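Notes follow the structure.
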Amino acid sequence: MLSILCGIMIPRDIMSALLEMTESAESDAGFLLELGQRVRTLRGLRGMSRKVLAKVSGISERYIAQLESGKGNVSIILLRRVSDALATPLEDLLPNSDPSIDWPVIRDLVRRATPVQIAHAKDVLSGMGRLGAGARRAQALHGIALIGLRGAGKSTLGRMLADKIGWSFVELNKEIEQQNGLSVAEIIALYGQEGFRRMEQAALTQLLARKELMVLATGGGIVSEAISFDQILSSFYTIWLKADPEEHMARVRGQGDLRPMADDRAAMQELRTILQSREPLYARASGVLDTAGLSVDEAAAKLTAMVSPVLCRDACAFGLKNAAV
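First residue of the sequence shown: 4, per the working numbering; consecutive thereafter.
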């Protein structure tokens, strides 16, 4: 529009207003694009297709698609402008059940904190005790944890590794089911994702209380729960079992898994979205094993070889007298 008006004499105040409107529109468009990306990323972390998200939220699948493509409702922009005018984060305008009047102060302090201060705060809040700034605590290692998407081979390879090194093998989802007397699907149907994550954290805490060495196979979405995933990373030598999306899908379907993600016509694209969203978190693992194109025996041999140096080097930390594998 401005280029068309370039040959016309326009008062300076009007031109300034036009420029401000253009910059505001560009800022709004950028915000909506970032918001859409954030929604898409969070959906991927939770392992939800658009269809499932639409069903759970009561919002049309079409609107969710628009939101993720950066074409959200104009009311979102208006709310953002109100928060900007009030000089307050957008989240402070949204009602929540948080009873703590100190939360805004804590949030702002965390945003300005150094990595050492954040580590100190985590220790205090998690009940690990009061450590001096910069102090390091020796973490008690509970074994080896396998993370990754469904179909990566966590259960199969985890059980083989546990048998090889003489440790117990534990599937976190089965622990959750046993402790609550319900299947994972039933838990989610009754209590939602939030309820399942609470039970997941409780089950993990109970496992760590056993103080025994184990090979732990986690659920694919554990990386979306920050507290539980942090416990995994700090308590286990963590390995990401990685594979191509096509191989993940083939293995899941081969196991007879008919959950929504496997039935969706756009299942492969949704799977890619999940993997893309979770990859930065999976990559925080201590090691990565790409199982694509490998037979079960080949993958098991590579996994054993990967953990052998760790067991030998950290035999004392793992409580082993003989670390030979």
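Glycine included, each C-beta is placed from N, C-alpha and C at the ideal position. As the structure is a prediction and not an experimental result, all values here were calculated from the model.
Selection Ile190, Ile225 and Arg287 evaluated against Gln204 yields Ile225 as nearest (Cα-Cα). Apart from sequence neighbours up to five positions away, the residues of its chain that approach Ala253 with a beta-carbon distance below 8 Å are Gly154, ordered along the chain.
DSSP places Leu292 in the uninterrupted beta strand (DSSP E) bounded by Gly290 to Asp293. The alpha-carbon of Asn183 is positioned some 21 Å away from that of Ser158. By the Cβ-count criterion, Asn176 is buried, with 16 or more other Cβ atoms from all chains shown falling within 10 Å of its own Cβ. Looking only at Leu211, Val59 and Phe34, the smallest Cα-Cα distance to Asp87 is reached by Phe34. In terms of Cβ geometry, Gly39 and Leu70 form a close pair [threshold 7 Å]. Comparing C-alpha distances from Arg275 to each of Gly156, Glu29 and Gly50 shows the shortest one belongs to Gly50. By DSSP's assignment, Ala148 forms a beta bridge with Leu219 and Thr241. With respect to Ala303, Ile242 sits apart: the two C-beta atoms are not nearer than 7 Å.
A distance below 7 Å separates the beta carbons of Ala148 and Thr221. With a cutoff of 7 Å on beta-carbon distance, Met309 and Gly296 are scored as not near each other. Excluding the 5 residues flanking it on each side, Glu249 has same chain C-beta neighbours closer than 8 Å at Met271, in chain order.
Distance from the CA atom of Asp95 to the CA atom of Ser103, rounded to whole angstroms, is 13 Å.
Exclusion of the five residues before and after Glu174 leaves Ser158 and Ala220 as the residues of its chain whose Cβ lies within less than 7 Å of its Cβ. In the structure shown, Glu174 adopts extended strand secondary structure according to DSSP, grouped into three states.
Classified as buried, Trp170 has 16 or more neighbouring CB atoms from the shown chains inside 10 Å of its CB.
Taking a C-beta distance under 7 Å as the contact criterion, Arg201 and Glu228 do not qualify as a contact pair.
Taking every protein chain shown into account, the CB of Leu292 has 16 or more other CB atoms within 10 angstroms, so this residue is buried.
Going by DSSP, Met163 is part of the alpha helix (DSSP H) stretching over Lys157 to Ile168. Where Met271 is concerned, the enclosing alpha helix (DSSP H) starts and stops at Ala270 to Tyr285. If you draw a straight line from the Cα of Leu244 to the Cα of Ile150, it comes to about 6 Å.
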